[in-house]
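Asks:
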Amino acid sequence: MAMISVTGLVGAAALAAYVTAGLELRATVRRLRAEGRGADVLPEELPVVGPRAWAWAFSHRHREVGDVHLSRMVMLWRVAIAALPVGVLALFIGG
41 MAMISVTGLV
51 GAAALAAYVT
61 AGLELRATVR
71 RLRAEGRGAD
81 VLPEELPVVG
91 PRAWAWAFSH
101 RHREVGDVHL
111 SRMVMLWRVA
121 IAALPVGVLA
131 LFIGG
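Here the numbering used here is used: the first residue of the sequence shown is 41, the next is one more, and so on.
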């Protein structure tokens with residue numbers, strides 16, 4: 041029976057949180073754009089990974105939309121972005 045290390049679980053959880061929060065944020069942005077809210081503030085296509093997505097998440101432009109769910113998703117994604125380096129490191133250490 042294979043043993044699963046705690047650090048491996050921490051790493052997997054951090055990566056899963058990042059991807060899940062990013063995809064949910066992307067779906068929220070699409071929904072708001074479809075409703076016609078925040079068309080000038082929200083990006084047309086929000087990438088889940090990369091500097092463009094991270095710059096938008098930390099730019100505070102989401103506040104101009106006035107949507108509580110969007111603000112909470114951005115906050116969750118910021119926490120996941122901050123935990124991402126720790127998660128990747130934990131995956132390499134705990135393998």
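Note that the Cβ used here is the ideal one computed from N, Cα and C, for glycine as well.
(1) Return the Cβ separation of G48 and L131 in integer angstroms, given the expectation that the two are a contact with Cβ distance under 8 angstroms.
(2) Using the Cβ count rule (16 or more neighbours within 10 Å means buried), how would you classify H102?
(3) Below 8 angstroms, can you find three or more Cβ-Cβ pairs linking the stretch 118-132 to the stretch 66-79?
(4) To the nearest angstrom, how far is it from the Cα of V88 to the Cα of V59?
(5) Are the Cβ atoms of G127 and V50 separated by less than 8 angstroms?
(6) Does M113 pass the burial test, meaning 16 or more other C-beta atoms within 10 Å, or should it be called exposed?
(7) Grouping DSSP H, G and I as helix and E and B as strand, with all else coil, what is M41?
Replies: By the coordinates alone:
(1) Here residue 48 corresponds to residue number 8 of the sequence shown, with the count starting at 1. Here residue 131 corresponds to residue number 91 of the sequence shown, with the count starting at 1. That pair is a contact at about 6 angstroms.
(2) Residue mapping note: residue 102 aligns to position 62 of the sequence shown, counting from 1. H102 should be labelled buried.
(3) no
(4) As a working mapping, residue 88 is identified with position 48 in the sequence shown. As a working mapping, residue 59 is identified with position 19 in the sequence shown. Going from the Cα of V88 to the Cα of V59 covers about 7 angstroms.
(5) The residue you call residue 127 lines up with position 87 of the sequence shown. The residue you call residue 50 lines up with position 10 of the sequence shown. Against a cut-off of 8 angstroms, the Cβ pair of V50 and G127 comes out as a contact.
(6) The count along the sequence shown starts at 1 and reaches residue 113 at position 73. Buried, because 16 or more other Cβ atoms sit within 10 Å of the Cβ of M113.
(7) Residue numbering aside, residue 41 sits at position 1 when the sequence shown is read from its first letter. In this predicted model, M41 has a pLDDT of only 45, less than 50, meaning its place in the structure is not dependable; the value taken from the coordinates is given anyway. Reduced to three states, the DSSP call for M41 is coil.
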